[in-house]
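A quick write-up on the structure given underneath.
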Amino acid sequence: MTALPETVANVEFNAFYHAERVPLVRFVMFLGADPDTAEDIVQAAFTRAFPAWHTIRFPQAWLRKVAQSEYFGHCRAAARHTSLDAAPGRADRPAGASAALALEQQAETREVLAAVIADLPPKQRQVMAWHWDGFSDAEIAGELGDSEAAVRKNRSRAMKNLRRLLADERRGAK
Amino acid sequence: MSRQRWRIGGGRITDDEVNARVVRARADITTVLSAVLDDDAGLAQIYALHGQHEPHRADAPDPGRDDESGQVQVVCDRIAMLETTLAQAGKPDGSSMQAGMYLRMARGFLFELRSGLAGRDLSAEDAFRLLSTIRHDLQEADRTLRGEQRLALPRPALAGIGEMRELTSEMTGQLAVLDEQVMRLFGHSDDPAAVPAPHH
Numbered sequence: 476m477t478a479l480p481e482t483v484a485n486v487e488f489n490a491f492y493h494a495e496r497v498p499l500v501r502f503v504m505f506l507g508a509d510p511d512t513a514e515d516i517v518q519a520a521f522t523r524a525f526p527a528w529h530t531i532r533f534p535q536a537w538l539r540k541v542a543q544s545e546y547f548g549h550c551r552a553a554a555r556h557t558s559l560d561a562a563p564g565r566a567d568r569p570a571g572a573s574a575a576l577a578l579e580q581q582a583e584t585r586e587v588l589a590a591v592i593a594d595l596p597p598k599q600r601q602v603m604a605w606h607w608d609g610f611s612d613a614e615i616a617g618e619l620g621d622s623e624a625a626v627r628k629n630r631s632r633a634m635k636n637l638r639r640l641l642a643d644e645r646r647g648a649k
Numbered sequence: 017m018s019r020q021r022w023r024i025g026g027g028r029i030t031d032d033e034v035n036a037r038v039v040r041a042r043a044d045i046t047t048v049l050s051a052v053l054d055d056d057a058g059l060a061q062i063y064a065l066h067g068q069h070e071p072h073r074a075d076a077p078d079p080g081r082d083d084e085s086g087q088v089q090v091v092c093d094r095i096a097m098l099e100t101t102l103a104q105a106g107k108p109d110g111s112s113m114q115a116g117m118y119l120r121m122a123r124g125f126l127f128e129l130r131s132g133l134a135g136r137d138l139s140a141e142d143a144f145r146l147l148s149t150i151r152h153d154l155q156e157a158d159r160t161l162r163g164e165q166r167l168a169l170p171r172p173a174l175a176g177i178g179e180m181r182e183l184t185s186e187m188t189g190q191l192a193v194l195d196e197q198v199m200r201l202f203g204h205s206d207d208p209a210a211v212p213a214p215h216h
């Protein structure tokens, strides 16, 4: 025997796909994508990961970085055709049985997502998406090419903005 | 409890509240996505794009292939466990710098072995050579530690060296089990110790 069966890497890849697909789609949603766009972006990222799977040492970070880059590319492409709004990936496909429709029913989730997506500047949104997925300031700094201090500052400003936005919403609801 | 608060028109929100709402929103999103995303269809699409067969489905089991993959997974899990142990033992600020260096090298070769097995691009000869190199590094670490135990060092330093040596010895035992598992994967009954370790 000179090499192990092809299924070995596939088993690892499949297991990772099952475990990480949903968290990755959620990550892209917190960057600003609607659920359908986020699903497409994540699928594209996994498709790129597949042939290189055995060379990827930190797949959680690798896939997030690729997905993030795909999403920003998608935003740039959308901006060439329409004016770029806060959620540039907004669905072109019928909502049908999609996650978008299901999430419409969740008022609180909708509020939080709206606050994050519509009102946080892109950099703060980006830092928070990584932060909420459990990455440290140092890791985020490494992945985004920023200093740790810049990440801390963006995180602090994002929290301040979210406190204000959610307080405004609470006041508006009364 | 967070001290930071935002007060506006009688409504105030703390960092803890923001975090709690985000946690709930993330949980809701997870529930919704898990219900609507079809992983099998997504995987099949990726495999098709790369001209490969679809992954195994739960409704179409292939016991032989599953068993083979399962065995590799078991070996990879064991290697990952050894890597984790060595990461602790081989910290640069550990009790013995030189032994730590050997342990870190052993860990690097373990990673190489695991990547090769998982990536199915490792020959039996290379696998056994890596195992032999790892064994060599562990032996060198032990030899170094044994020498340092004879030195007139402060008691805490000697205790640290003793612990490192114990761990190295435990790792050598674990490696013997790993040898057998890797041999079985490749369908070999050769003695892997016969493959010479490359010089560093």
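So the sequence lines, in the order shown, correspond to chains S and H. Quick note on the working numbering: the first sequence kicks off at 476 and runs consecutively. Quick note on the working numbering: the second sequence kicks off at 17 and runs consecutively. Quick reminder that beta carbons are idealized off the backbone N, C-alpha and C, glycines included.
- Taking C-beta separations shorter than 8 Å and ignoring five residues to either side along the sequence, the partners of A616/S in its chain run S622, E623, A625, V626, following chain order.
- Rounded to the nearest whole angstrom, the CA to CA distance from Q165/H to F502/S is 51 Å.
- Boundaries of the alpha helix (DSSP H) harbouring H152/H: 140-165, taken from the DSSP string.
- In the three-state reduction of the DSSP assignment, R136/H falls in the coil class.
- Proximity of chain H to H493/S at the Cβ level (cut-off 8 Å) is accounted for by D55, in chain order.
- With 16 or more other Cβ atoms from the protein chains shown falling within 10 Å of its own Cβ, H152/H counts as buried.
- Legend: CB atoms of the segment 591-616 of chain S lying less than 7 Å from CB atoms of chain H belong to residues W607.
- Under a criterion of Cβ atoms nearer than 9 Å, no residue of chain S is adjacent to L191/H; the nearest Cβ is some 20 Å distant.
- Three or more beta-carbon pairs separated by less than 8 Å are not found between the segment 156-163 of chain H and the segment 126-133 of chain H, which leaves the two stretches without contact.
- Using a Cβ-Cβ cut-off of 9 Å, V503/S is close to nothing in chain H; its nearest Cβ partner there is about 11 Å away.
- Q61/H has a beta carbon lying within less than 9 Å of a beta carbon in chain S.
- Scanning chain S for C-beta atoms nearer than 7 Å to the C-beta of T160/H yields nothing, as the closest lies near 29 Å away.
- Annotated three-state conformation of Q68/H is coil, per DSSP.
- As the crow flies, the alpha-carbon of P510/S is around 18 Å from that of W605/S.
- Annotation: N485/S to T584/S spans about 35 Å, alpha carbon to alpha carbon.
- What V198/H touches in chain S, judged by beta-carbon distance under 8 Å, is nothing: the nearest beta carbon there is about 10 Å away.
- Going by DSSP, D509/S is part of no alpha helix (DSSP H) at all; its letter is neither H nor E.
- Using beta-carbon distances, E186/H does not count as an interface residue toward chain S, since no partner is under 9 Å.
- In this structure, the alpha-carbon of R630/S lies about 39 Å from that of H66/H.
- With its beta carbon less than 9 Å from one in chain H, W528/S belongs to the interface.
- Using a 10 angstroms sphere on the CB of L637/S, the tally of other CB atoms reaches 16 or more, which defines it as buried.
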